[in-house]
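Residue numbering for the sequence shown follows the numbering used here, beginning at 1 and increasing consecutively. Built from N, CA and C at the ideal position, the CB exists for glycine as well. Beneath this line is the structure, given in structure tokens, with notes to follow.
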Amino acid sequence: MTNVPELFGSKVFNQKAMKDRLPKETFKALKKTLDDGAPLQLDVANVVAHAMKEWAIENGATHFAHWFQPLTGVTAEKHDSFINPQEDGTVIMTFSGKELVKGEPDASSFPSGGHRATFEARGYTVWDPTSYPFIKEHTLCIPTAFCSYTGEALDKKTPLLRSMEAINEQALRVLRLFGKTNVTHVSTTVGSEQEYFIVDHDLWAQRKDLRMTGRTLFGAKPSKGQEMDDQYFAALNPRIVKYMEDLNETLWKYGIPSKTEHNEVAPAQHEMAPIFSTTNLAVDQNQLTMEVMKKVAKRHGLECLLHEKPFAGMNGSGKHNNWSISTNDGENLLEPGKTPESNAQFLLFLTAILKAVDENQDLLRISVASAGNDHRLGANEAPPAIISVYLGDELYNVLDAIYADKPYDSNKLEKMAIGVDVLPPIPKDSTDRNRTSPFAFTGNKFEFRSCGSALSIAGPNTALNSIVAYSLKEFADELEKASDFESALNALISREVKAHWRIVFNGNGYDDAWKAEAHRRGLLELKTTPDAVAHYLDEKNVRLYTEMGVYTKEEMEAHYETKLEKYAQVLNIEVQVMLEMVSKDILPACYKYISAVSKTVADLKAVVPGAKAQAEIALLTKLDGLVDSLAAKAEELCSKHLAAKACGDVMAVARAYVDSVIPVMAETRALADEIEPLLGDEFKPFPCYEDLVFRV
């Protein structure tokens, strides 16, 4: 049996490894960097680098790599060996503080929104000492930020770290108002539940769409899907058990606290949930988790699908981002607490979050926008594209009393003056869960359920940290000037709850009536990625991010271009694969089947004079019509696709895909999916849904 405590973190140069291997003074200096963000001096970096190298070599590493997160949404790494040639023809193994702290990969071949040209290739990676190095295969991977020669952030980590500092600064200002002078640092924490599908590798390899796009572009719904609700939390398939055991052991070696595993709603769908970590560490760990999930699957003859909607008509996969705020002395600022003072503090932070979400619905929607997630949001397994906040009944009633200027009815009526009279404690899990809410309070945290399964959670958490920091800044600016803090606090909370009450919704987000109600409230419904990204450079968004020091305007312009370019590139690949599958797989299969049935009719009539062969002829007639329609629709799709690509401007191209191309893709698929059940099994061009989800 695996010794989990001994296994856990064995491939990570964590604080235990640092403490064991570093001189006390060096560890003390590094700890100050880890805890307080103090600059790391080069002499300290040299000692750390040597100890890190010795540890890595003992654990089988021969190379090191700065591991970073460019705007592709996946990770990148360039490997260098530790070898240093000597004059006598031998080598020694060296690793300097300079090599640890700074690297220089090519910056021109990564997405930059046009800020880097091929002849402007220089870029830098800089060690993030708050995220632990780890060994992957034979390489010591060092988590780093990535920026251009001219200083622009070219990655997802740099803005995230900036947003964490922004919310730290503004939260500390608010806590000082409540007399919390001992708190020196505030961090956001995240636990990201990861949903995924597992299919047989050999079947996956026969599907060009899965190989090239991560989702099935064609596929008729099987006779049985998820309607029996018999997959959710069901006993695990033995093959999946072996996969999950291997996955857990691998993740634990990387210090990733994989905690929960179970079958999800759809056939072949599963979920893994870790324990909370500080946000930047949680982001790094989730990126590594996705990579490990796919690698481990291949070891077992399986394939892990992380696309948000790999199978039409079945559950999509999300990544539920459980977000909270805590102080360095262990106080969760989203824990309601039991004392009037704590309740007042909690209500102020809660009000700041309501204000942030209401005023920045667009930024939250943009942070989860992608071509894949557009298929999932609004479907019956995911929140709608409308952002709202779920509070649960008890907390809703508390804020409703504030909104309506009425007594809060607990066991008895009490006039609630925040910070004076008793607000009943709101314990963890006093609320139900609302699976239809995009942003739900779940006791001592908020669950941002709109994130897609393949998404880097750096973007959503950068947005969350930034918008809440901005609200806290406005609150601190006002309250610091108040002559009577208690009166000003009461007035501020009452005013802001009333101003942002429209964002609170405790009902069924799947109900069409909610869409109508949301529109009446003035909430945004940004159905597609282009709809959302169109708001990114709005004046209020540029002001928020630049004032918080999270992005420069130039970085935002680059991200605007990059997000739309990626959206168009995904659709471009999907259309090309779809056209290839129609012309090279589906139509040839139809022709073969039509030929076989036609020969059967001819043979039957030759053997049985007067035979009508009505069933066969009816099938041939139906197939002939569908085949002609499919071929014509593919021609139309090709034409619309070429027209979209010729639009020039990135937003115009993206809008053309939404308005002109995607509808024809859906029509093309519908025709092919109508054909599929008519073909004999031996004539089907690739594995069907039944094969993929029930043969694992």
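| query | Would you call the CB atoms of residue 564 and residue 530 closer than 8 Å? | reply | yes
| task | Could you check what DSSP says for residue 84 in three-state terms: helix, strand or coil? | result | strand
| Whose CA, out of 143, 325, 269, 280, lies closest to the CA of residue 306? | 269
| residue 656 and residue 643 closer than 8 Å at C-beta | yes
| request: Provide the residue span of the alpha helix (DSSP H) that contains residue 487, from first to last. | output: 485–499
| Complete runs of the alpha helix (DSSP H) confined to the stretch 566–629 [at least 4 residues] | 587–607
| said: I need the DSSP call for residue 417, collapsed to helix, strand or coil. | reply: Residue confidence is low: residue 417 scores 48 on pLDDT, short of 50, so the model does not pin down where it sits. No coordinate-derived value is stated.
| Other residues of its chain near residue 697: CB distance less than 6 Å, five sequence neighbours each side excluded | Any question about residue 697 goes unanswered here, given that the chain covers just 1 to 696.
| message | Spatial neighbours of residue 257 within its chain, please: C-beta separation below 6 Å, excluding the five flanking residues on both sides. | response | 274, 275
| request: Name the two residues that bound the continuous beta strand (DSSP E) containing residue 124. | output: 123–127
| query | Taking the C-alpha atoms as reference points, what is the distance between residue 684 and residue 625? | reply | 18 Å
| query | Quick one: is residue 508 buried, meaning 16 or more other Cβ sit within 10 Å of its Cβ, or exposed? | reply | exposed
| task | Measure the alpha-carbon distance for residue 426 versus residue 392 and round it to whole angstroms. | result | In this prediction, residue 426 scores a pLDDT of 45, lower than 50, which makes its location untrustworthy; the coordinate-derived value is nonetheless stated afterwards. If you take the alpha carbons of residue 426 and residue 392, they lie about 11 Å apart.
| message | My assumption, with CB atoms under 8 Å, is that residue 382 sits in contact with residue 313. Please give the rounded CB distance. | response | Residue 382 to residue 313, Cβ: 14 Å. No contact.
| field | Which listed residue (609, 64, 384) has its alpha carbon closest to that of residue 505 | value | 384
| message | Tell me which residue opens and which closes the beta strand (DSSP E) that residue 91 is part of. | response | 91–93
| Whole-angstrom C-beta distance between residue 472 and residue 479, which should lie under 8 Å | Going by Cβ atoms, the distance from residue 479 to residue 472 rounds to 10 Å, so no, they are not a contact pair.
| Helix, strand or coil: which one does DSSP assign to residue 191? | strand
| residue 246 versus residue 484 - alpha carbon distance | 59 Å
| message | Is the separation between the beta-carbon of residue 302 and that of residue 691 shorter than 8 Å? | response | no
| said: Below 8 Å on the Cβ atoms is my contact criterion, and I expect residue 209 with residue 71 to pass it. Report the Cβ-Cβ distance as a whole number of Å. | reply: Actually they do not touch by this definition, with Cβ atoms about 25 Å apart.
| query | Pairing CB atoms from the stretch 13–20 with CB atoms from the stretch 131–140, are three or more of them under 8 Å? | reply | yes
| field | Residue span of the beta strand (DSSP E) that contains residue 140, given as start and end | value | 139–148
| said: Please state the DSSP three-state secondary structure of residue 638. | reply: helix
| Looking at residue 311 and residue 372, is the spacing between their C-beta atoms short of 8 Å? | no
| Would a C-beta distance cut-off of 8 Å place residue 560 and residue 545 closer than the cut-off? | no
| message | Is it the case that the stretch 75–91 contacts the stretch 156–173, given that we only count it when at least three CB pairs across the two stretches are under 8 Å? | response | no
| field | Rounded C-alpha distance that separates residue 333 from residue 325 | value | 6 Å
| task | Just the C-alpha distance for residue 224 and residue 267, rounded to the nearest angstrom, thanks. | result | 9 Å
| request: Give the straight-line distance between the Cα atoms of residue 344 and residue 360, rounded to the nearest whole angstrom. | output: 24 Å
| query | What residues in its chain sit with their C-beta under 7 Å from that of residue 2, if we drop five residues either side in the sequence? | reply | 249
| task | Jot down the residue ranges of each uninterrupted alpha helix (DSSP H) in the stretch 202–240, minimum 4 residues, whole runs only, in chain order. | result | 208–213
| field | Residues sharing a beta bridge with residue 198, DSSP | value | 304
| request: Note down, in chain order, each residue of its chain lying with its Cβ closer than 6 Å to the Cβ of residue 101, except the 5 sequence neighbours on either side. | output: 45, 127
| Can you name the start and end residues of the alpha helix (DSSP H) that residue 548 belongs to? | Counting along the chain, residue 548 falls outside any alpha helix (DSSP H), and DSSP gives it neither H nor E.
| query | Exposed or buried, which one is residue 415 when buried takes at least 16 other CB atoms within 10 Å? | reply | Low local confidence applies: a pLDDT of 44 at residue 415 is under 50, so the model's placement there is unreliable, and no value is given.
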